[in-house]
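Just so you know, our numbering puts 112 at position 112 of the sequence shown, and the rest follows in order with no gaps.
For every residue, glycine included, the Cβ atom is placed at its ideal position computed from N, Cα and C.
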Amino acid sequence: MVTKIGRQVSEFNNELKLKGFNVWQLEADSQATRIYNRKDFYKICLTTGKSIVHYADRSFEHEGTILFFGNPHIPYSWETLSTTYVGYTVLFSDGFFSASERSESLQHSPLFKIGGTPILKIDEDKRDFLSSIFLKMIEEQKSNYVYKDDLIRNYINLIIHEALKIQPSANFDQHKNAAGRLTSVFFELLERQFPIETTDRPLQFKTAQDYAGALNVHANYLNRAVKEITGKPTTAHITERIITEAKALLQHTAWNIAEIAYALGFEYPTYFNNFFKKMTGTNPTAFREASV
């Protein structure tokens with residue numbers, strides 16, 4: 001039986017997927033805020049309350065109003081400490097924002113990159129101004145204006161530019177165990193790529209260098225952290241996860257070998273065949289036939 005909340009969350013996610021953006025007031029839609037878990041959207045939150053934000057290998061405890069910028073490629077968690085928590089959230093996909101021809105800069109923005117400053121303290125005057133922008137987006141989202149997507153993109157850009165003029169928060173704390181935190185972030189980022197559900201969205205990160213680049217750290221530093229915590233290098237974990245996914249695709253899909261190779265980030269099927277045989281002792285076709 002589908003509950004009312006289940007239907008609301010499903011409708012919320014479907015609407016978000018179709019439009020590429022959604023904006024809402026937190027106290028008006030707190031259930032969607034708690035359940036929302038899509039991983040392919042940027043997030044900007046204006047919130048007032050007391051909470052702790054864990055972002056990559058840093059933590060930030062605050063009380064008051066902050067502006068938070070979430071990158072879909074960087075795992076984070078949020079602990080709400082106050083009994084009342086109010087504000088606004090806007091989510092938008094890379095595809096939605098790319099229509100403004102500026103999305104390429106998001107990954108390198110000091111607001112969205114892992115080494116940047118995703119949390120800004122906001123004073124009362126700035127809070128009122130930013131709140132008015134979020135309210136305009138909410139109203140525009142309900143309108144039938146033909147160019148409302150362009151207008152909402154402009155509002156998002158306005159928030160970003162206002163944020164760039166603000167001094168970043170200085171009381172970020174390095175996690176007590178930086179290696180453990182970075183390793184945890186690496187594994188969460190690794191798992192966020194799976195399962196592979198379509199052949200037209202291949203694996204984005206395939207090497208230790210890819211993950212290090214996404215996390216804005218040197219590959220050697222990432223490898224030392226992962227090896228210190230797990231006893232195995234970064235590449236070994238990536239390889240094991242790709243092999244696990246390859247076996248699942250061979251067993252549970254009708255995709256041909258070339259499609260699976262492409263989905264897993266291999267330029268040519270031959271490369272995938274050689275990789276799979278080296279790791280498992282058999283080739284993909286033989287593995288699939290033995291699994292029937």
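Mind checking who residue i pairs with in its DSSP beta bridge?
| i | result |
| --- | --- |
| K121 | I66 |
| K50 | E63 |
| Q25 | Y88 |
| T280 | Looking at the DSSP assignment, T280 forms no beta bridge with any residue, so it has no partner. |
| Y76 | Y55 |
| Y42 | F92 |
Taking Cβ to Cβ, would you say residue i is nearer than 9 Å to residue j?
| i | j | result |
| --- | --- | --- |
| F368 | L111 | The requested residue 368 is not part of the displayed model; the chain covers only 1 to 292. |
| L189 | E162 | no |
| S51 | W24 | no |
| T83 | T65 | no |
| H253 | I260 | For clarity, residue 253 is Thr in the given sequence; the question names His instead. It is a contact, given that the beta carbons lie within the stated cut-off. |
| I119 | Y42 | no |
| I160 | S98 | no |
| Y186 | L222 | Sequence check: residue 186 is Phe here, not Tyr. Taking 9 Å as the Cβ cut-off, F186 and L222 qualify as a contacting pair. |
| P202 | L250 | no |
| I156 | L264 | no |
| H73 | R192 | yes |
Look at the alpha carbon of residue i and the alpha carbon of residue j, and state the distance between them as a whole number of angstroms.
| i | j | result |
| --- | --- | --- |
| Y262 | N71 | 26 Å |
| R102 | F275 | Its pLDDT being 49, under 50, R102 is placed unreliably by the model, and the measurement read from it follows with that caveat. The alpha-carbon atoms of R102 and F275 are separated by roughly 37 Å. |
| V53 | N22 | 22 Å |
| S291 | T80 | 47 Å |
| D149 | V90 | 13 Å |
| M279 | R241 | 11 Å |
| F194 | D210 | 16 Å |
| A286 | N273 | 11 Å |
| A32 | H237 | Because the pLDDT of A32 is 40, which lies under 50, any placement of that residue in the model is unreliable, and the question is left without a value. |
| V9 | I133 | The pLDDT assigned to V9 is 44, lower than 50, so where the model puts this residue is not dependable; a value taken from the coordinates is nonetheless given after this. Each residue's alpha carbon lies about 25 Å from the other. |
| T235 | A225 | 13 Å |
| T183 | Y145 | 46 Å |
| R127 | R153 | 20 Å |
| P269 | Q141 | 45 Å |
| K121 | A179 | 28 Å |
| K277 | E245 | 15 Å |
| M137 | I229 | 44 Å |
| Y36 | T239 | With a pLDDT of 37 at Y36, under the threshold of 50, the modelled position of that residue is not reliable, and the figure given next carries that caveat. Computed Cα separation, rounded: 30 Å. |
| P233 | N220 | 10 Å |
| Y76 | L158 | 24 Å |
| F205 | F92 | 21 Å |
| Y147 | G231 | 54 Å |
Among the options, which one has its Cα closest to the Cα of residue i?
| i | options | result |
| --- | --- | --- |
| T207 | H218, D200 and T199 | H218 |
| K247 | N220, G281 and P233 | G281 |
| L215 | R201, R181, K148 and P202 | R181 |
| R352 | Y268, N223, K227 and I257 | Only positions 1 to 292 of the chain appear in this structure, which leaves residue 352 out of reach. |
| F96 | E245, G20, M137 and I243 | G20 |
| C295 | F187, E63 and V86 | Only positions 1 to 292 of the chain appear in this structure, which leaves residue 295 out of reach. |
| K165 | T117, G49 and Y147 | T117 |
| F266 | K121, T199, Y88 and D125 | T199 |
| K135 | L26, Y271 and W255 | Inspection of the sequence shows that residue 135 is occupied by Leu rather than by Lys. When only C-alpha atoms are compared, the closest one is L26. |
| E124 | L151, L67 and Y147 | L67 |
| Y88 | E139, R58 and Y76 | E139 |
- Item | Whole alpha helix (DSSP H) elements within the region 212 to 253, 4-residue minimum | 219 to 230 and 234 to 252
- Message: Quick check on the DSSP output: what are the complete alpha helix (DSSP H) runs of length 4 or more inside the region 152 to 210, in order along the chain?
- Response: 178 to 192
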